[in-house]
Structures are given as structure tokens and as C-alpha cells.
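Using the numbering used here, the letters of the sequence shown map in sequence onto residues 29 to 184.
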Amino acid sequence: MKKIFFLIVIVGTSFFQISFAQDNSSSSPLLQGYFNMKNALVNDNAKVCSETALKFIKLLNNDNVEMPGKNTRGALLKQATQISRTENIQLQREYFALLSTNMYDLVKAGKPNKEAVYYAYCPMKKSYWLSESKDIKNPYFGNTMLTCGKVTEVLQ
């Protein structure tokens with residue numbers, strides 16, 4: 029009986045260590061989904077942004093990430109749904125600014141980020157966004173003001 033218990037403990041511990049190690053290898057699918065929306069806005073592509081918002085919603089519903097604050101998941105769902113239901117890029121950018129605030133809270137809490145995430149600010153829009161790169165590619169103005177902004181924080 030003691031041997032069986034000992035074997036269960038060893039196997040369970042090994043499984044936990046393997047899962048934990050794999051979990052730290054890259055950004056989460058949820059964060060990557062956010063980046064996909066951001067990149068669609070950078071490229072002035074409202075249709076792709078709407079499509080990636082739908083994928084983000086599915087990820088959000090399937091992701092077991094613990095959210096900081098009881099309303100974070102609901103807020104993210106609401107904002108992503110609003111983005112997915114329109115191909116008006118100006119509206120998408122308004123909703124994305126709100127989504128970015130909630131994603132910042134999530135990343136700041138240390139939940140989905142496994143690599144450096146850059147928190148950038150657009151002084152013209154007076155809004156922030158998260159980026160997978162320190163290079164500025166502004167989702168609020170796309171090609172019009174692609175490099176407007178600056179990195180204000182690096183989250184790791």
C-alpha cells in the first residue's frame with residue numbers, strides 16, 4: 029500500500045512539473061489572440077479584426093486562466109463581442125482601447141504572459157495597447173500614424 033501511494037505521489041509530482049515547464053514556453057493562446065486583433069487593426073483590416081475577435085471569444089470561453097477581479101472575463105467578452113459584430117474600424121478601435129485596458133490588468137497579474145509584453149501608449153488617442161514587440165505599430169491609427177506612440181512599460 030505504501031509503495032502504491034509513493035508511486036502516485038511521484039507520478040503526480042512529475043506530471044505537475046512537466047505541465048508547469050510546458051506552460052512557461054510561450055505566450056498563451058489568449059494573449060496571442062489579442063495580438064492578432066491588434067495586428068489586424070495595425071493593418072487597417074476590419075474584416076480580419078472581426079474574425080480574430082470571434083476566435084478570441086472562443087479562446088476566452090475555453091481558457092482556464094484565472095482572471096484578476098470578478099468582472100474581467102465578462103468585460104473582455106463584451107468588448108471582443110462588440111469588435112466581432114462590426115466591420116467599422118473606428119468602432120473596433122474604440123472597443124479595442126477598452127479591451128486593452130482589461131488585457132493589461134490580466135497580463136499585469138502575470139497570468140497569460142510567458143514572454144516580454146510591451147505596454148505602449150498613443151498620445152493622439154490617449155490610449156494604451158499591448159504588443160509582442162518593442163517596435164511601435166499603432167493599432168489606433170494604422171497606416172496613418174503607424175509609428176506614433178512609445179513603450180511605457182515592459183511586462184514579464
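Cβ coordinates follow ideal geometry from the N, Cα and C atoms, glycine included.
In this text, all values refer to a predicted model and were calculated from it rather than measured experimentally.
Under 8 Å between C-beta atoms of residue i and residue j
i    : j    : result
Y132 : Y147 : yes
K162 : V179 : yes
L105 : I85  : yes
Residue i versus residue j: straight-line alpha-carbon distance, rounded
i    : j    : result
L88  : V70  : 22 Å
G97  : A103 : 10 Å
L134 : W157 : 13 Å
T129 : E143 : 19 Å
I117 : D72  : 7 Å
C150 : Q120 : 16 Å
R101 : G138 : 15 Å
N92  : L183 : 21 Å
K136 : V145 : 10 Å
First and last residue of the uninterrupted alpha helix (DSSP H) at residue i
i    : result
A125 : 117-136
A81  : 74-90
A68  : 57-70
Endpoints, the beta strand (DSSP E) within which residue i is located
i    : result
T172 : No beta strand (DSSP E) contains T172, which DSSP labels as neither H nor E.
S112 : No beta strand (DSSP E) holds S112; the alpha helix (DSSP H) holding it covers 100-112.
S159 : 155-159
A148 : 145-150
Cβ-based neighbour list, residue i, same chain, cut-off 7 Å, excluding 5 preceding and 5 following
i    : result
A81  : M65, A108, I111, S112
M173 : M152, N166
Y62  : F84, M131, L158
A68  : V76, C77, T80
Same chain only: Cβ atoms within 6 Å of residue i, ignoring 5 sequence neighbours per side
i    : result
E115 : A74, K75, S78
L127 : Q107
E181 : Y147
A125 : S155
Cβ-Cβ separation, residue j to residue i (assumed contact under 8 Å), whole Å
i    : j    : result
S186 : E160 : This structure does not reach residue 186, given that the chain is present from 29 up to 184, and the question cannot be answered.
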